[in-house]
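In this note's numbering, the protein residues as written are 47 to 593.
Reading through the structure tokens given below for one structure.
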């Protein structure tokens, strides 16, 4: 005798956490007492491996009930009840373990409703996948949307199952109460048991915030969800195919019409699923590549004795419009309660020296939504608390994310006189360009500038970097503050040099790069002089291009 699931497989499935998908495999019942005893002993570990195992014994008992009644029923029920022994042993251990001040409590009614709506949304995913559009585009309330769509989908599932289990479902509504038992003891009921029982622990105990931020909670109920809708689709098709043939064209084509509608619905649902998975796997690839770059940059900076500082490093990517009305969708690589260096250090299996900064005002609008890490944006703190920090900026593009170097605080200095000095006699502004050069690599123009502020009273002074072609025409600009427009000159520490790196795709091969300072309000350039006090043409310093 065989069945889709037996006590042994159920114990292993729930105890092994996410391997529950194996429940679709048809396995024989275990009747060998030695094997059953060994399996029962091993299942004791399931309760320590995953919290869902708490409902395992009752789930197994209900499964045996749903298999129907025959000569072996009493034996099967007795064997199923043995699964309560590991649970009792686990509870004995649990009650004797020293506890913290935090107590497990049953949620209030509002939280119970919210959590139930979240799991109902997952159960009714065949319809609720349009809920995100209704919420974000049409302005529907998220909870109302989830509850309404879930109610429609789940009632529809019951009605469709009724066609296959007519006596078990419809007759109770007409007063034949004995038929209820036949439905509850039928295979059609077990997916409902699975979903309800595996959803109960988080519904009863977890906060709504924890629930909607933990999609893994739907992993185990998801087995019952797929089982349920598979049963609904198959039952509907069997009901349509079993209808007696008739002479009318509509009646003759009825099974094909129903089959076509089911096939169309499945195609739409699977296409939506494929699009969802493909899109978010793309986000995962984008962010994974960015983190690999960050790991490499951190290791390189640490090997040189410096701290790696990242500007606007992402922690999640997602669509602007979610698929489902409740919950948070997206690819998340980092959560706030972990120490920041852990996200990089775990990749290289050793502690790393790194820091994260966040600047919301420089974040570009992209076709996708993204979150960034970092709690502060104070360069003075970074300079004081880190060792020769090397600065990296995150550049968000349509199909990928780049981590690029944008500077270094306290860099190695040249042994030559400053390349240029920028002064404003009226305000007393005085800034040195200690060194500057251009590299052309891999189709990129990279400008390296070492600045040092002597004195600056005006908060409006800014940097211009102009790319000039062979005809003397301005063809590109990289103007703005240092470190990807995040480090205003007014915040520079007097006497402390730093390296400012700017890069962009090279518009043409034969270019010149001119650098200078100007007042952002008046547009007036500061006077640029060399070591001999000779004024540069147009107060712009032409940088050498290194091979």
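Glycine included, C-beta positions come from ideal geometry on N, C-alpha and C.
Check: By how many angstroms is the C-alpha of residue 343 removed from the C-alpha of residue 418?; Outcome: 18 Å
Check: Within the segment 109 to 189, note down every full alpha helix (DSSP H) run reaching 4 residues or more, in order along the chain.; Outcome: 119 to 127, 130 to 142, 155 to 169, 171 to 174, 177 to 182
Check: Residue 552 lies in the beta strand (DSSP E); which residues open and close that run?; Outcome: Counting along the chain, residue 552 falls outside any beta strand (DSSP E), and DSSP gives it neither H nor E.
Check: In angstroms with no decimal places, state the Cα-to-Cα distance between residue 166 and residue 380.; Outcome: 28 Å
Check: Roughly how far, in whole angstroms, is the beta-carbon of residue 480 from the beta-carbon of residue 587, given that I think they are within contact range, below 8 Å?; Outcome: The pair is not a contact, with the Cβ atoms about 12 Å apart (cut-off 8 Å).
Check: Residues in the same chain with beta-carbon distance under 6 Å from residue 299, minus the five sequence neighbours each way, listed in chain order, please.; Outcome: none
Check: Distance check for residue 370 and residue 515, CA to CA, integer angstroms please.; Outcome: 52 Å
Check: Between residue 192 and the rest of its own chain, which residues show a CB-CB distance below 8 Å, the 5 nearest in sequence each way excluded?; Outcome: 163, 164, 166, 167, 174, 177, 370, 371, 372
Check: Does DSSP put residue 342 in a helix, in a strand, or in coil?; Outcome: helix
Check: Tell me which residues share the same chain as residue 453 and place their Cβ nearer than 7 Å to its Cβ, disregarding the 5 neighbours each side in the sequence.; Outcome: 437, 528, 529, 544, 545, 546, 547
Check: Count the other CB atoms within 10 Å of the CB of residue 156; is the residue buried (16 or more) or exposed (fewer)?; Outcome: exposed
Check: So which of 130, 405, 347 has the shortest CA-CA distance to residue 435?; Outcome: 347
Check: On the DSSP bridge list, what partners appear for residue 417?; Outcome: 362
Check: Skipping 5 residues on each side, what residues in its chain have a beta carbon closer than 6 Å to that of residue 67?; Outcome: Low local confidence applies: a pLDDT of 31 at residue 67 is under 50, so the model's placement there is unreliable, with the coordinate-based value given in what follows. So no residue of the chain qualifies.
Check: Check whether the Cβ atoms of residue 442 and residue 416 lie closer than 8 Å to each other.; Outcome: yes
Check: Just to check my reading of the structure: residue 553 and residue 522 have Cβ atoms closer than 8 Å, yes? What is that Cβ distance to the nearest angstrom?; Outcome: 5 Å
Check: Cutting at 6 Å between CB atoms, please list the residues of its own chain near residue 393, excluding the five before and the five after it.; Outcome: 341
Check: Buried or exposed for residue 578, going by 16 or more other Cβ atoms inside 10 Å?; Outcome: exposed
Check: Does DSSP put residue 391 in a helix, in a strand, or in coil?; Outcome: helix
Check: Candidates 121, 366, 356: which alpha carbon is nearest residue 420's?; Outcome: 356
Check: Any idea what DSSP makes of residue 510, helix, strand or coil?; Outcome: strand
Check: Could you tell me if residue 383 is buried or exposed, where buried requires 16 or more neighbouring beta carbons within 10 angstroms of its beta carbon?; Outcome: exposed
Check: What residues are listed by DSSP as bridge partners for residue 400?; Outcome: 354
Check: State the CB to CB distance for the pair residue 557 and residue 491, rounded to an integer number of angstroms; the pair is presumed to be in contact (CB under 8 Å).; Outcome: 7 Å
Check: Where does residue 409 fall in DSSP's three states?; Outcome: coil
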